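Working notes, structure below.
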Amino acid sequence: MSRTPAYAAELRAALARAVRGVSERDLARATEALVSRYRSVSPAAAPILASPVHVAAYAAYRMPATHAALSRALGDVADRGLAPRSLLDLGGGTGAAAWAAAGAFESLERVTVLDQVEDALALGRELVRGSPSEVLARATFARAVAGDWPSLEADLVTVSYVLSELDEPSQDALVADAMHRGQAVVVAEPGTPDGYARVLRVRSTLIEAGWTILGPCPHASACPLAGSDWCHFAARINRSAEHRRLKGAELSYEDEKFSWVGAVRPGVVDSLAPQSGSGRILRHPLKRKGFVEFQVCRPDGTTGREVVSKKAGRRYRAARDAEWGDTLP
Ligand SMILES: C[S@@+](CC[C@H](N)C(=O)[O-])C[C@H]1O[C@@H](n2cnc3c(N)ncnc32)[C@H](O)[C@@H]1O
């Protein structure tokens, strides 16, 4: 969880440059408005990113977090051997998933970000200008509204923190669109019970359509947490002084909680590695003297406690480094 995602520092520097001209008071006010809007979790009748200041505030206070979450999820599917050449990011806003994909996949050659808010796309373009990633610097940011996307296809389609802004029929339509256009799909949502519930619905849709789950689940059975708990992970983000001021926060870091699911369409899976390890770590491991205790989701579709003791040698050493969200060594 403390691993810093690729391009995190470059993104932060680009964000600092981009918001330099915006009054700190306006930024703080817009941040406050966005925080309370995102807390309410109801479909948006009009774009939430309603002005350039709202867009700047979103980018400054949310983008490092959504970038970190997507970096974890895409890093995981990269470890499974997914090597997309093209990325289509639906509802991509200022481009957090594009930055994460550029960091996760060396194979990437083409990035397209689509969103309904031109101001968000404009900021996205500004952020990637001069980026150290060539593919990111060449990314296309284009305006489009869900249901009326241009006819594009891609090896990987991402839908990152978008579903909560849509009613259920529109969520289903967006996921169907993503599946229609992509060889692989990754959907991420806030790591809250309702974010998890939306991800769970997407997971069912993917499985029913015969897609193979890439992560985080080590199986395609019913989620063993449904009804009693919610599956979510955490990505740690170091807060800059500016970020701390904006959020009125004191800690030098924050943990972004997120839920996600990734899958590939039938046929693609043959070229991918089977999921390694013996389960997904669902909580911070308890690192004790001589053993590490984990709560895991197992390949047989159950959850429970696993202990790796010092006697396990190499496996124990790997267990000491393992974190919430990793596969169990
Ligand atoms: C919370 S932001 C997430 C932005 C970005 N994907 C990220 O992870 O940081 C939600 C984005 O979805 C976009 N969005 C919401 N409804 C949309 C629609 N009907 N058509 C296109 N974009 C939409 C918004 O404009 C906004 O940029």
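Note that my numbering numbers the sequence shown so that position 146 is 205, with each residue one more than the last.
For each residue, glycine too, the CB sits at the ideal point set by N, CA and C.
Given the structure is predicted, the values throughout are model-derived calculations rather than measurements.
Assigned secondary structure, residue i (DSSP; H/G/I helix, E/B strand, else coil)
i	result
P249	strand
Q175	coil
L273	strand
K369	helix
R62	coil
A201	strand
L387	coil
R342	coil
T362	strand
A89	helix
A256	helix
R262	helix
R96	helix
A243	strand
R169	strand
R188	coil
Opening and closing residue of the alpha helix (DSSP H) in which residue i lies
i	result
E69	A67 to A77
R379	R373 to D380
D440	Outside the shown range of the chain (60 to 388) lies residue 440, about which nothing can therefore be said.
A156	A155 to A163
A196	E193 to A196
Local Cβ density within 10 Å of residue i, reported as buried at 16 or more and exposed below that
i	result
G207	Checking the displayed sequence, the identity of residue 207 turns out to be Asp instead of Gly. Counting Cβ neighbours within 10 Å, D207 comes out exposed, since fewer than 16 surround it.
G140	exposed
D380	exposed
G80	exposed
D178	buried
S280	exposed
T361	exposed
A75	exposed
S99	exposed
E309	exposed
P143	buried
A196	exposed
E69	buried
Y220	buried
Y312	exposed
E83	exposed
R373	exposed
A157	buried
P275	buried
S318	buried
A127	buried
A294	buried
E212	exposed
F292	buried
First and last residue of the uninterrupted beta strand (DSSP E) at residue i
i	result
V234	Unbroken run through V234 is the alpha helix (DSSP H), E227 to R240; no beta strand (DSSP E).
V81	Taken as a continuous stretch (DSSP letters only), V81 belongs to no beta strand (DSSP E), as it is neither H nor E.
E352	F350 to C356
A293	F292 to N297
Quiz item: Taking contact to mean at least 3 C-beta pairs separated by less than 8 Å, is the stretch 150–162 in contact with the stretch 183–199?
Solution: These segments touch.
Quiz item: Which ranges does the beta strand (DSSP E) cover as unbroken runs of at least 3 residues, wholly within the stretch 301–331, from first to last along the chain?
Solution: If you keep only unbroken beta strand (DSSP E) runs of at least 3 residues inside the stretch 301–331, you get 312–323.
Quiz item: Counting pairs of Cβ atoms below 8 Å between the stretch 213–225 and the stretch 101–110, do you hit three or more?
Solution: Touching, yes.
Quiz item: At what residue ranges does the stretch 98–151 contain a whole run of the beta strand (DSSP E), taking only runs of 3 or more?
Solution: Listed in chain order, they are 145–149.
Quiz item: Quick check: the stretch 63–71 against the stretch 160–174, are there 3 or more CB pairs under 8 Å?
Solution: Touching, yes, given that three or more Cβ pairs across the two stretches are closer than 8 Å.
Quiz item: If you pair each beta-carbon of the stretch 188–208 with each one of the stretch 109–126, do three or more pairs fall below 8 Å?
Solution: Touching, no.
Quiz item: Should the stretch 276–295 be called in touch with the stretch 351–366, which here means at least 3 C-beta pairs below 8 Å?
Solution: Output reads yes: the stretch 351–366 touches the stretch 276–295.
Quiz prompt | Given 8 Å, three or more beta-carbon pairs between the stretch 233–253 and the stretch 264–281 | solution = With a cut-off of 8 Å, the stretch 264–281 and the stretch 233–253 count as touching, because enough Cβ pairs lie within range.
Self-check item: Inter-stretch contact (C-beta, 8 Å, three-pair minimum) for the stretch 239–255 and the stretch 296–304
Solution: The stretch 239–255 vs the stretch 296–304: no contact.
Practice problem: Please determine if the stretch 343–355 and the stretch 368–380 are in contact, where contact requires at least 3 C-beta pairs separated by less than 8 Å. | Solution: With a cut-off of 8 Å, the stretch 368–380 and the stretch 343–355 count as touching, because enough Cβ pairs lie within range.
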